[in-house]
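**Q** Residue numbers (the numbering used here), protein chains in the order written: chain A, 1 to 507; chain B, 1001 to 1323; chain C, 2001 to 2373.
Okay, here's the structure, questions in a sec.
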Amino acid sequence: MVSPILELKNINKSFGHVHANKDINLTINKGTIHGIIGENGAGKSTLMSIVFGLYQANSGSIKVNGNEIKLRSPKDSIINGIGMVHQHFMLVENFTVLENIILGFEGETVFGEKLKKAKKDLKKLCETYNFNIDLDATISDLSVGFRQRVEILKSLYRGAEILILDEPTGVLTPQEVDELFKILRSLKDEGKTIVLITHKLIEIMDLTSEVSVMRQGEMVGHTRTENTNKEKLAEMMVGRSVLLRVDKPEVEKGETVFKVKDLTVKDDLDVIRVKNVNLEICSGEILGIAGVTGNGQTELLEALSGIRNVESGNIELFGETISQKDNYLNPRMLKEKGLAHVPEDRQRMGLVTDFKAYENLIFGYHDQEPYSKSSILNHKEIIEYSNKVMKEYDVRPSSPNLLTSNFSGGNQQKIILSRELNEKPKVLLVGQPTRGVDIGAIEFIHQRLIDMRNKGAAILVASVELEEVLSLSDRIIVMFDGKIVGEKINKNVTDRELGLLMAGVTE
Amino acid sequence: MEFVSDLASLINSTLRISTPLVFAAMAGIFAERSGVIDFSLEGKMLMAAFVAAVCSYYFGNPWIGLLMAIIVCVSLSMLHGFASVTHKGDQVVSCVAINILIIGLTTALAAAWFGQAGLTPTLTQEQRFLEVNLPFAENLRDIPIIGTIYSDILSGHYIFVYFAYISVPIVYWIVFKTSFGLRLRAVGENPSAVDTAGINVFAMRYKALAVNGILIAFAGAHLSTAVNANFFREMSAGRGYLALAAMIFGKWHPKTALIACLLFGFTDALQIRLQGVEIPTIGEIPVQLIQALPYILTVVLLAGFVGKAIAPNAIGQPYIKER
Amino acid sequence: MSNIVVDKTKVPWWVSNVIVPLVNLSLALFVSGIFIFIAGENPIEAVKLIIFGSFGYIQGFAYTLYYTTNFIFTGLAFAVAFHCRLFNIGGEGQAYIGGLGVFLVAINLSFLPVPIVWLLAILGAILFGAAWAYIPAYLQSKRGSHVVITTIMFNFIASSLMIYLLVDVIRDTNQMAPHTVKLPEEIWLPSFEALSGVLGIKIRYSPLNLTFLLAIASLFFVWFLIWKTRWGYEMRAVGHNTQAAIYAGISPHKNIIIAMCISGGLAGLLGVNEILGVSHKIQAGFPAGYGFTGIAVALMGRNHPIGILPAAFLFGILYQGGSEVTFEMPNITRYMFVAVQGLIILFSGALENLFRPQIESFFVNRLNREVRS
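Here you go:
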């Protein structure tokens, strides 16, 4: 009865040195909702992008309905009945719903009969699945939940039998999630096949009949949902730790130096990403924020470091309330008060990749002594300082004159870290400190952060790597869906506990 | 009566002067709506003027001149596409290069071939486009109002003028009522959305540039084979940039861009009438100020005092497929 | 579009910054040769004439250096703005207005000691040129009006304004042509001819004058500003990555204004050369296309004073040698050399990466082979 509709055999995909998909085998059965779960960087999106024809696999084969096919572009995939709803919607903001759906499939050169027919067909589809969308509405007027429906409708209109959804619930309210699930269930009942990529265990347990687990580019497990539970899945997802934990002596916590009260922050699309968050950090403490990407950590850190506007709430630095909605946006002022920030997106924000290493090492501090005096850069001092910190932080190669773009990700990160830590900040905000950093550098960076904490700094570290959070933090909070869903002292906490919280399973 | 004939004359001048601007603005809309910056309208217009004049002279037929101008302009647009779309070079630099190259090349070749410091030979009646008289224009002239409108305003223009104003609804129709236009606009707003719909982003942009080349050729041919009877150096005189301002001010829509072009034309048409006019307490308006009006107006429009213009979202950014 | 991947760290600086630009230049010159041929002349002959005209005799060489002076100013002007990612096409107009500044200062303050007049005139050039760049800068930063279009418009407006002034306001009323009176001879900048005369060497007239030294000084000034000061650092940060600049507490608006104003000021210095050093009066149209050539100079010189100097010199050769060509070859006018500029901008700017992967990988492989053996 159950027949495979999609079979992936030995799929390999590399981007330069990064081996994103390693020898993946996957069988999706027709008429099922199949979940693919894994942490960030596990390779799920890459795999499905190959299925949708956006990337080409380096090796391996794909069979649809038993026939081996070459998927060279999205057009090939669409013809073969594969549709995909991406994490970042592929919609044209100022087009209507109708225009977005028919794009590329207009059926006629001049809009006329086929357009009318399309509208009719779409109306019928909407009724069948209870979508309730106004086809003439402009996308920019629609809520995120409705935009997603447009994406689903788009795939259905193009004849998708297999519908892939990449982290669909990240941007939805709980009610919208319920409605989405209803839609997915009815699609399944109609005989469609759904592939759900997610990191949220509850969705897997709720919706799917089969689930595959990916970790670090590999497929590590496959099971029927009825035969497993959240705990088992969490363990497969997170895996056994291989990294050494760094030595962390007991340090006496000082006073609260950084306080966040009822903070609410919106993202660029006006979606609320941080919902009434409260937290405190004391000097001599590392507070770790665990959570999968997209749960509000990015926006939280940007707000706390003065690059993003705050909707409501308060930030107190050394007892002084700083944030009023628009007054807070002043990174320079915050630096003067002793706050440093190592941004999550180092290439877009933390560095100017076209600068030489020494130029990035003074970035943000370039107008201060000793780097410059009466606005003239003191080259000798800067190079001396650069040599010193590059050696201290083991930046390789340790040449200040090398273009920053020629450094590896890890060494670029060390450049940023050395720059910010050298200022001996009293409060340090760090986002994804070891993203794209090689193993050797990870330990080094971790040790440095702990050293700072030992010397009395208050540090906030947000990371999607659970290992890292466990390794560094004195206290851990977990963010899920913009809220803090759990707080634990880092003594005898297990991966599993945190994994569950990260996946939205509250105690 | 004098007022009426003055008004008619003013409208005629406006329509005629705006013609190259309208073509150029339409050309710009195609390129920019697909996401490619086109500051080289000026250079292409000048090149079209040169080619049209020279070929009309050699082949004795202005239509051949127009055809050659179209071929050359499309090639230039393809060059710009090659540099910007395929090679992902800086689109602004590419445009500046093309403009300067053409200013030099057209005058240099004109001087080399015809020896008159950048003038091409004056075209005879057969070698140029003449004013077109609509049927019955003479007979209807004396009918009050309608006759004036038909005979004095609508009739008697160069063929390009009619082409220009007809092109506006056609461009509108192509951009907003066809699937080509839908894809064109999508490519300029969100190329990823187009890519995931299975459409080739690069091919779309090249097609848009081809249309761009055709339209701008008309603008140049109008200048040298209709309004004037030859090419002279730098005869485009900044019209390409005025058209850009009109396009931006018109928010990349054919209809509103048309209005802006007419505004420029009107300002220019007023020039002659404003010379010698005195403003109380200030005295006579300097003729140079009047001549500078279109350029000042451009700056004012671009400053967005009359509303902020939002360009197509993906403009100027080369499309890179793999992350 | 090539699929050659090159390890950027292994590419020697002289390959990226000398060989590739030279190849691009050669391509441009090759196509120029084709154009000369189409115009009905022999490109090889043209090259010979260019070399003779610009080097072959002292007066010619002096003319070459005179042109180089102007190109240094306008090349630096474009380059400074470019470091902040701004395309200042308004060098022409800024030079024109800068010249006005020079003249107004010089004619009204000619009673002061000569060196003071010179200094104030230079200041006038800079201030007037900067002022002409200010509005486009402000509109770009605050209103998003593209600086390319606004600066070109300001070129036209400058032209109209200056014609008006030259015809109606500051014209030498004894003449019909639109130009001003001549400045008093005491405050003329000494020419090369005059300086050599002092040393006892007799040479023929050329427009080369002391401003050449000011141009050289400007090269140092720009180098120092862009790479040795905090302002240059901030300008470059804003130009490369505005988002990161904001993170670092750098103000994009402030730097856009500063970059454009310095750029305008540099273009204005052209007025010092032309008015204080050559014609000693304002003549209509004296910027004569130098502003546009500056763009080619800057792009060829990769926006760095070390590159701009030879690039300016090359264009000096092209101009002076070019005038020899236009003199000897009836079919070639100076506009041919405008076309050459356009080609250089095309190959050094828009198409600068056309053959870069092939060239770089060639040298990387070659060097590796040598190391191995």
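For every residue, glycine included, the Cβ atom is placed at its ideal position computed from N, Cα and C.
Counting only Cβ pairs nearer than 7 angstroms, list the residues of chain C close to I1100 (chain B).
**A** Neighbours of I1100 (chain B) on chain C, chain order: F2292, V2338, Q2341, G2342, I2345.
**Q** Are the Cβ atoms of I2332 (chain C) and E2041 (chain C) separated by less than 8 angstroms?
**A** Contact: yes.
**Q** Beta-carbon of N276 (chain A) versus every beta-carbon of chain B: anything under 8 angstroms?
**A** no
**Q** Do we get a CB-CB distance below 8 angstroms when we pair A1257 (chain B) with the residues of chain A?
**A** no
**Q** Under 8 angstroms, with one C-beta from each stretch per pair, do the segment 1177-1192 of chain B and the segment 1048-1059 of chain B reach the 3-pair mark?
**A** no
**Q** Determine whether the beta carbon atoms of A2121 (chain C) and V2105 (chain C) lie at a separation below 8 angstroms.
**A** yes
**Q** Give me whichever residues DSSP pairs with Y358 (chain A) in a beta bridge.
**A** Per DSSP, none; premise fails for Y358 (chain A).
**Q** At 9 angstroms on the CB atoms, spell out the chain A contacts of W2231 (chain C), in chain order.
**A** Those within 9 angstroms of W2231 (chain C) in chain A are S375.
**Q** Between which residues of its own chain and R1016 (chain B) is the CB-CB distance below 8 angstroms, once the five residues before and five after are set aside?
**A** H1157, Y1158, V1161, V1227, G1265
**Q** Any beta-carbon of chain B closer than 8 angstroms to the one on S73 (chain A)?
**A** yes
**Q** Any Cβ of chain A within less than 8 angstroms of the Cβ of A2244 (chain C)?
**A** yes
**Q** What is the DSSP secondary structure of V2018 (chain C), reduced to helix, strand or coil?
**A** Reduced to three states, the DSSP call for V2018 (chain C) is helix.
**Q** Whole angstroms is fine: what's the gap from L2276 (chain C)'s alpha carbon to T2068 (chain C)'s?
**A** 17 angstroms
**Q** For S1094 (chain B), decide whether its Cβ has a neighbour in chain C, counting only Cβ atoms nearer than 8 angstroms.
**A** yes
**Q** Check whether chain A comes within 8 angstroms of E1189 (chain B), counting only Cβ atoms and requiring the distance to be less than that.
**A** yes
**Q** Cβ of G2294 (chain C) within 8 angstroms of Cβ of T2074 (chain C)?
**A** yes
**Q** Are three or more beta carbon pairs between the segment 302-313 of chain A and the segment 261-272 of chain A nearer than 8 angstroms?
**A** yes
**Q** Where does N100 (chain A) fall in DSSP's three states?
**A** Shown here, N100 (chain A) sits in a helix according to DSSP, grouped into three states.
**Q** Could you check where the alpha helix (DSSP H) with G2316 (chain C) kicks off and where it finishes?
**A** 2305-2328
**Q** Let me check one thing: in DSSP terms, what residues is A462 (chain A) bridge-paired to?
**A** A:I289, A:G431
**Q** Report yes or no: is there a C-beta of chain A within less than 8 angstroms of the C-beta of S1192 (chain B)?
**A** Cβ-Cβ to chain A under 8 angstroms: yes for S1192 (chain B).
**Q** L501 (chain A) to L172 (chain A), Cα distance in whole Å?
**A** 18 angstroms
**Q** Are at least three pairs of beta-carbons, each pair with one atom in the segment 2133-2140 of chain C and one in the segment 2211-2219 of chain C, less than 8 angstroms apart?
**A** Contact between the segment 2133-2140 of chain C and the segment 2211-2219 of chain C is absent: fewer than three C-beta pairs spanning the two stretches fall below 8 angstroms.
**Q** Consider the Cβ of I1199 (chain B): report whether some Cβ of chain A lies at a distance smaller than 8 angstroms.
**A** yes
**Q** Would you be able to state if there are at least three C-beta pairs under 8 angstroms between the segment 362-376 of chain A and the segment 396-403 of chain A?
**A** no
**Q** List, from N- to C-terminal side, the beta strand (DSSP E) runs of 3 residues or more that fit wholly inside the segment 272-319 of chain A.
**A** 272-282, 285-290, 312-317
**Q** Please determine, among A:R273, A:I450, A:K373, the residue with the shortest C-alpha to C-alpha distance to I484 (chain A).
**A** A:R273
**Q** In angstroms with no decimal places, state the Cα-to-Cα distance between I5 (chain A) and G16 (chain A).
**A** 31 angstroms
**Q** Within 10 angstroms of the Cβ of M2153 (chain C), are there 16 or more other Cβ atoms? Answer buried if so, exposed if not.
**A** It is buried - the Cβ of M2153 (chain C) has at least 16 other Cβ atoms within 10 Å.
**Q** Which class does I965 (chain B) belong to by DSSP, given the choice of helix, strand or coil?
**A** The displayed coordinates of chain B run from 1001 to 1323. Any statement about residue 965 (chain B) would go beyond what the structure contains.
**Q** Below 8 angstroms, can you find three or more Cβ-Cβ pairs linking the segment 2075-2085 of chain C to the segment 2323-2332 of chain C?
**A** Because the criterion of three Cβ pairs below 8 angstroms is not met, the segment 2075-2085 of chain C and the segment 2323-2332 of chain C do not touch.
**Q** With a Cβ-Cβ cutoff of 8 angstroms, do A1221 (chain B) and A1052 (chain B) count as a contact?
**A** yes
**Q** Closest by CA to G38 (chain A), which one among A:V505, A:T506, A:G499?
**A** A:G499
**Q** Which whole-angstrom value describes the C-beta separation of L98 (chain A) and D136 (chain A), a residue pair presumed to lie in contact below a C-beta threshold of 8 angstroms?
**A** 6 angstroms
**Q** I need the boundaries of the beta strand (DSSP E) containing I62 (chain A), first residue and last residue.
**A** 59-64
**Q** F2445 (chain C) by DSSP, collapsed to three states: which one?
**A** The requested residue 2445 (chain C) is not part of the displayed model; chain C covers only 2001 to 2373.
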